[in-house]
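Respectively, the protein sequence lines represent chains A and B. If you count the first sequence from 1, you need to add 216 to reach this note's numbering. If you count the second sequence from 1, you need to add 82 to reach this note's numbering.
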Amino acid sequence: MADPDDYLIKLEDAGVKRDGRRLVEGVDVTLRPREIVTLIGPNGSGKSTTARMVTGVVRPDFGRVVRRPGLRIGYVPQKLAIDWTLPLSVTRLMRLTAAHTDSEIDAALDRVGIRHLKRDDVQHLSGGEFQRALLARAMLRKPDLLVLDEPVQGVDFSGEVALYDLIRALRDETGCGILLISHDLHVVMAATDIVICLNGHVCCTGTPASVARSPEYLKLFGERAGSALAVYQHHHDHTHLPDGRVLDQAGHVQSVHEHTHEHHDHDHPHRGHDHA
Amino acid sequence: MSTMITIIRIGVTTMLEDFFVRALIAGSLLAIVTGPLGCLVVWRRMAYFGDTMAHSALLGVALSLLMEINLTLSVFLVAAVVAGALILLQRRQALSSDALLGILSHSALALGLVLVAFMSWIRVDLMGFLFGDILAVSMIDLGVIAGVGAVILGVVSVFWRPLVAATVNAELAEAEGMRPELTRVILMALLAVAIAIAMKIVGVLLITSLLIIPAATARRLSRSPEQMAVMASILGVLGVIGGLWGSMRYDTPSGPSIVVAALILFLLSLLVPQRLIRALG
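Here it is in structure tokens:
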């Protein structure tokens with residue numbers, strides 16, 4: 217992974233300004249094959265602008281963007297509202313930016329589990345079904361890089377977990393790089409290799425665990441945010457963060473074998489902050 | 083064999099000498115062109131935009147008379163300039179889009195009317211420009227409509243996928259290597275050309291109805307963008323035939339009669355149950 221030439225796209229000290237105001241600056245990001253990178257940050261922190269620099273919709277005013285020659289991008293936009301006046305079936309949506317054969321489309325829809333909806337109008341799909349359709353459409357292009365802007369919008373919690381699992385499986389199968397944009401911290405961080413925390417500039421970068429511990433991250437999202445990741449990590453590898461309050465949250469979820477920690481925590485002087 | 087061809091040729095020539103037949107063909111050709119264009123206008127919510135461009139056509143008429151240049155060319159140029167001005171003004175976002183459209187639409191129309199009135203040395207049939215004069219379509223007009231219409235249809239079909247993709251989501255189209263800004267300019271230019279050739283047939287005030295009404299009717303009867311485009315053309319042609327027949331039968335003005343016929347088709351389409359279309363589509 218450390219090979220410096222093995223990249224899909226590199227943002228070097230990149231930034232964008234609009235009407236004299238800097239939307240985002242000093243962004244250093246390298247996207248590589250087989251790597252899932254997540255941009256998190258509050259609203260207006262420059263996540264979408266950074267993603268637009270990656271897709272080429274926005275040119276950087278500072279720094280530069282280096283693309284691997286011939287890079288093919290698949291894109292799932294945020295808030296795709298399709299006007300009722302446009303009759304658009306799922307199959308026609310698959311052919312939006314390129315021609316594909318019926319069998320290719322069937323296979324793509326099959327992979328995301330909505331082949332039975334191929335003749336339906338996109339306006340009749342649920343939030344989760346629509347996101348899956350958009351994902352299938354982007355994958356049909358056999359992209360080197362998949363850019364997903366808020367891919368779990370309008371999807372309930374269990375659907376969210378399933379969707380991130382699917383995204384990871386698609387990465388494993390195709391070897392494409394993935395850039396995720398999210399303001400939700402719960403599931404997305406644990407589904408990721410590298411997290412980049414933005415707030416007009418890059419606050420911190422690293423593995424989900426290291427970002428969740430970093431003071432910049434905790435300042436941006438509040439101390440409770442750290443617990444969201446702990447919950448998920450706990451499910452998977454049973455490692456515990458040394459912070460007592462985090463364990464308190466985890467204790468509520470994993471109530472059975474966390475009892476000792478929970479009792480211990482009752483005496484913790486900062487416990488009251490948890491419920492603030 | 084050659085006598086057959088001669089007979090057919092004479093037959094066609096005599097037919098085309100009939101002003102009613104010329105009107106029918108000119109109107110139908112125009113409706114075929116406005117079908118897919120109208121769908122794009124409806125999908126992109128550009129109805130008012132199209133109206134503004136159409137109203138500016140009268141300014142084009144005035145300028146053509148004033149500077150003695152070709153009418154169709156002048157109308158096209160003015161409509162294109164107005165469209166360009168709109169895009170630039172919208173980008174500055176000083177005023178809301180609909181306020182801007184309102185200002186440009188009506189001031190272009192008023193400016194055209196005032197300019198025409200000033201030119202007291204020219205006798206102008208203003209009604210002809212406002213509501214069209216399809217029964218006065220000449221052989222040359224017919225040739226222009228056929229030629230220009232074929233070019234418009236050709237460009238639309240070459241750029242159809244990017245046009246639809248940019249309609250669904252411009253950012254997505256651009257991220258995946260298309261150029262939505264260019265497709266937008268192409269669409270504007272095509273609309274300006276269509277307005278220039280449509281003015282004679284339905285008039286400045288009614289051009290947009292030929293774009294909007296058949297497309298809106300087609301929406302209820304189609305299941306894909308392509309179906310809707312073809313359906314809009316067919317419905318437009320039916321509107322032209324129905325309207326011209328009505329104007330003959332009841333001695334009503336031809337342009338408005340075509341619009342009324344298109345409206346009747348739209349109202350009838352509301353009666354078709356959606357389930358039937360889904361089953362057939």
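We put the beta carbon where it would ideally sit given N, CA and C, even for glycine.
Hey, out of A:Pro-285, A:Met-269, A:Arg-284, whose CA is closest to A:Phe-278's CA?
-> Translated into positions along the first sequence, residue 278 of chain A becomes position 62. Of the listed residues, the one whose Cα sits closest to A:Phe-278 is A:Met-269.
Do you know how far the Cα of A:Asp-360 is from the Cα of A:Arg-284?
-> Here residue 284 of chain A refers to the residue found at position 68 when the first sequence is read from its first residue. Here residue 360 of chain A refers to the residue found at position 144 when the first sequence is read from its first residue. A:Arg-284 and A:Asp-360 have their C-alpha atoms some 10 Å from each other.
When the Cα atoms are used, what is the spatial distance from B:Ile-316 to B:Gly-117?
-> Looking up residue 316 of chain B in the second sequence gives position 234. Looking up residue 117 of chain B in the second sequence gives position 35. Spanning the two alpha carbons is a distance of roughly 8 Å.
Relative to the C-alpha of B:Gly-337, which residue among B:Thr-290, B:Glu-308, B:Gly-93, B:Leu-352 is closest?
-> By one-based count along the second sequence, residue 337 of chain B stands at place 255. In terms of Cα proximity to B:Gly-337, the closest of B:Thr-290, B:Glu-308, B:Gly-93, B:Leu-352 is B:Thr-290.
Can the beta-carbon of A:Val-368 be found less than 8 Å from the beta-carbon of A:Leu-333?
-> Along the first sequence, one-based indexing puts residue 368 of chain A at 152. Along the first sequence, one-based indexing puts residue 333 of chain A at 117. Between A:Val-368 and A:Leu-333, the C-beta gap is not smaller than 8 Å, which leaves the two residues out of contact.
What whole-angstrom Cβ distance do B:Leu-122 and B:Thr-249 have, given they're in contact under 8 Å?
-> In the second sequence, counting from the first residue as 1, residue 122 of chain B sits at position 40. In the second sequence, counting from the first residue as 1, residue 249 of chain B sits at position 167. With 8 Å as the limit, B:Leu-122 and B:Thr-249 qualify as a contact, their Cβ atoms being about 7 Å apart.
Is it a yes or a no for the stretch 271 to 290 of chain B touching the stretch 250 to 260 of chain B, going by three-plus beta-carbon pairs under 8 Å?
-> The stretch 271 to 290 of chain B vs the stretch 250 to 260 of chain B: no contact.
For the candidate residues A:Ile-289, A:Asp-372, A:Thr-301, whose alpha-carbon lies nearest to that of A:Val-338?
-> Reading the first sequence from its first residue, position 122 is the one you call residue 338 of chain A. The shortest Cα separation from A:Val-338 among A:Ile-289, A:Asp-372, A:Thr-301 belongs to A:Thr-301.
Alpha carbon to alpha carbon, what distance is there between A:Val-245 and A:Lys-226?
-> Mapped onto the first sequence, residue 226 of chain A falls at position 10. Mapped onto the first sequence, residue 245 of chain A falls at position 29. Each residue's alpha carbon lies about 6 Å from the other.
At which residue ranges does the stretch 247 to 317 of chain A contain complete beta strand (DSSP E) runs of 3 or more residues, listed in the order of the chain?
-> Within the stretch 247 to 317 of chain A, the complete beta strand (DSSP E) runs of at least 3 residues are 252 to 256, 278 to 283, 289 to 292.
For B:Ser-304, which residues in chain A fall below 8 Å Cβ to Cβ?
-> By one-based count along the second sequence, residue 304 of chain B stands at place 222. Ordered by position in chain A, the residues that pass the 8 Å Cβ test against B:Ser-304 are Pro-303.
Can you name, in chain order, every residue of its own chain whose Cβ lies under 8 Å from the Cβ of B:Ala-218, other than the five neighbours on each side?
-> The sequence position of residue 218 of chain B within the second sequence is 136, counting from 1. Hits under 8 Å: Phe-101, Gly-210, Lys-282.
Identify whether A:Cys-392 lies in helix, strand or coil by the three-state DSSP scheme.
-> Residue numbering aside, residue 392 of chain A sits at position 176 when the first sequence is read from its first letter. Three-state DSSP puts A:Cys-392 in coil, outside helix and strand.
Measuring only between beta-carbons, confirm whether A:Pro-458 sits less than 8 Å from chain B.
-> Sequence index remark: in the first sequence, residue 458 of chain A carries index 242 (1-based). Any reading at A:Pro-458 is ruled out, since the residue's pLDDT is 40, under 50, leaving its predicted position unreliable.
Chain-ordered residues of the stretch 253 to 284 of chain A with a beta carbon less than 8 Å from chain B = Cβ contacts with chain B: Arg-268, Thr-271, Gly-272, Val-273.
Where does A:Ser-398 fall in DSSP's three states?
-> Here residue 398 of chain A is taken as the residue at index 182 of the first sequence, counted from 1. Strand.
Contact under 8 Å by Cβ, A:His-396 with A:Cys-413 = Residue 396 of chain A sits at position 180 when you count from the first residue of the first sequence. Residue 413 of chain A sits at position 197 when you count from the first residue of the first sequence. It should be noted that the sequence gives Leu, not His, for residue 396 of chain A. Taking the C-beta atoms as reference points, A:Cys-413 is found no nearer than 8 Å to A:Leu-396.
Residue interval of the alpha helix (DSSP H) (run including B:Glu-263) | Residue numbering aside, residue 263 of chain B sits at position 181 when the second sequence is read from its first letter. Its alpha helix (DSSP H) spans residues 262 to 284.
Simplified DSSP state of A:Thr-421, which is helix, strand or coil | Along the first sequence, one-based indexing puts residue 421 of chain A at 205. Residue state, collapsed to three classes: strand.
Could you name the residues of the same chain whose beta carbon sits closer than 6 Å to that of B:Ala-136, not counting the 5 residues immediately before and after it, in chain order?
-> Counting from 1 along the second sequence, the entry for residue 136 of chain B is found at position 54. Counting only Cβ-Cβ distances below 6 Å, and skipping sequence neighbours, we find Ile-277, Val-286, Ile-289, Thr-290.
Does any C-beta atom of chain A lie closer than 8 Å to the C-beta of B:Trp-242?
-> Numbered from 1 along the second sequence, position 160 holds the residue referred to as residue 242 of chain B. No, because no Cβ of chain A sits closer than 8 Å to the Cβ of B:Trp-242.
Is any beta-carbon of chain A found at less than 8 Å from that of B:Pro-307?
-> Residue 307 of chain B sits at position 225 when you count from the first residue of the second sequence. Proximity of B:Pro-307 to chain A, defined by a Cβ-Cβ separation below 8 Å, is satisfied.
Partners in chain B for A:Thr-390, counting only beta-carbon separations shorter than 7 Å = Here the question's residue 390 of chain A lines up with position 174 in the first sequence. By Cβ distance, chain B contributes nothing, its closest Cβ being about 16 Å from A:Thr-390, past 7 Å.
Exposed or buried, which one is A:Gly-344 when buried takes at least 16 other CB atoms within 10 Å?
-> As a working mapping, residue 344 of chain A is identified with position 128 in the first sequence. Buried, because 16 or more other Cβ atoms sit within 10 Å of the Cβ of A:Gly-344.
Spatially closest choice to A:Leu-247 from A:Arg-234, A:Val-273, A:Val-282, A:Ala-385, by CA coordinates | As a first step, residue 247 of chain A must be located in the first sequence, where it is residue number 31. Of all alpha-carbon atoms in A:Arg-234, A:Val-273, A:Val-282, A:Ala-385, the one lying nearest the alpha-carbon of A:Leu-247 is that of A:Val-282.
Neighbouring residues, chain A, relative to B:Glu-258 (Cβ below 9 Å) = Within the second sequence, residue 258 of chain B is the residue found at index 176, counting from 1. Correct list: Thr-271, Arg-288, Ile-289, Gly-290, Tyr-291, Leu-312, Thr-313, Ala-314, Ala-354, Arg-357, Pro-359.
N-terminal and C-terminal residue of the alpha helix (DSSP H) that A:Lys-334 is part of | Within the first sequence, numbered from 1, the residue matching residue 334 of chain A stands at position 118. It is not in any alpha helix (DSSP H) - A:Lys-334 carries neither H nor E in the DSSP assignment.
Taking a Cβ distance cut-off of 8 Å, strictly less, list which residues of the stretch 360 to 372 of chain A are near chain B, in chain order.
-> Within the stretch 360 to 372 of chain A, the residues whose Cβ lies closer than 8 Å to some Cβ of chain B are Val-363, listed in chain order.
First through last residue of the alpha helix (DSSP H) which encompasses B:Arg-301 | Working through the second sequence from its first residue, we reach residue 301 of chain B at position 219. Counting along the chain, the alpha helix (DSSP H) containing B:Arg-301 begins and ends at 289 to 301.
Element boundaries [beta strand (DSSP E), containing A:Ile-412] = Within the first sequence, numbered from 1, the residue matching residue 412 of chain A stands at position 196. Its beta strand (DSSP E) spans residues 410 to 414.
Could you please give the first and the last residue of the uninterrupted alpha helix (DSSP H) stretch that includes B:Val-322?
-> One-based indexing of the second sequence puts residue 322 of chain B at position 240. Per DSSP, B:Val-322 belongs to the alpha helix (DSSP H) from 307 to 332.
Residue environment, A:Gln-465, which counts as buried when at least 16 other CB atoms sit within 10 Å = Your numbering for residue 465 of chain A matches position 249 in the first sequence. Residue confidence for A:Gln-465 is low, a pLDDT of 37 falling below 50, so the modelled location carries little weight; the figure read from the coordinates is stated next. Here A:Gln-465 is buried. Its C-beta has 16 or more other C-beta atoms within 10 Å.
When we look at the beta-carbon of A:Phe-346 and count the other beta-carbons within 10 Å, is it buried (16 or more) or exposed?
-> For the purposes of this step, residue 346 of chain A is taken as the residue at position 130 of the first sequence. Residue environment analysis places A:Phe-346 among the buried positions, since at least 16 neighbouring C-beta atoms fall within 10 angstroms of its C-beta.
Test item: CB-CB of A:Val-232 and A:Thr-265 under 8 Å = In the first sequence, the residue the question calls residue 232 of chain A occupies position 16. In the first sequence, the residue the question calls residue 265 of chain A occupies position 49. Yes; because the gap between Cβ atoms is below 8 Å, this pair is in contact.
Around the Cβ of A:Lys-516, are there at least 16 other Cβ atoms within 10 angstroms (buried) or fewer (exposed)?
-> Chain A is shown only over 217 to 492; residue 516 of chain A falls outside these bounds and no answer can be derived.
Let me know if B:Thr-265 comes out buried or exposed under the rule of 16 or more other beta-carbons within 10 Å of its beta-carbon.
-> In the second sequence, the residue the question calls residue 265 of chain B occupies position 183. Residue environment: B:Thr-265 is assigned as buried (16 or more neighbouring CB atoms within 10 Å of its CB, all protein chains considered).
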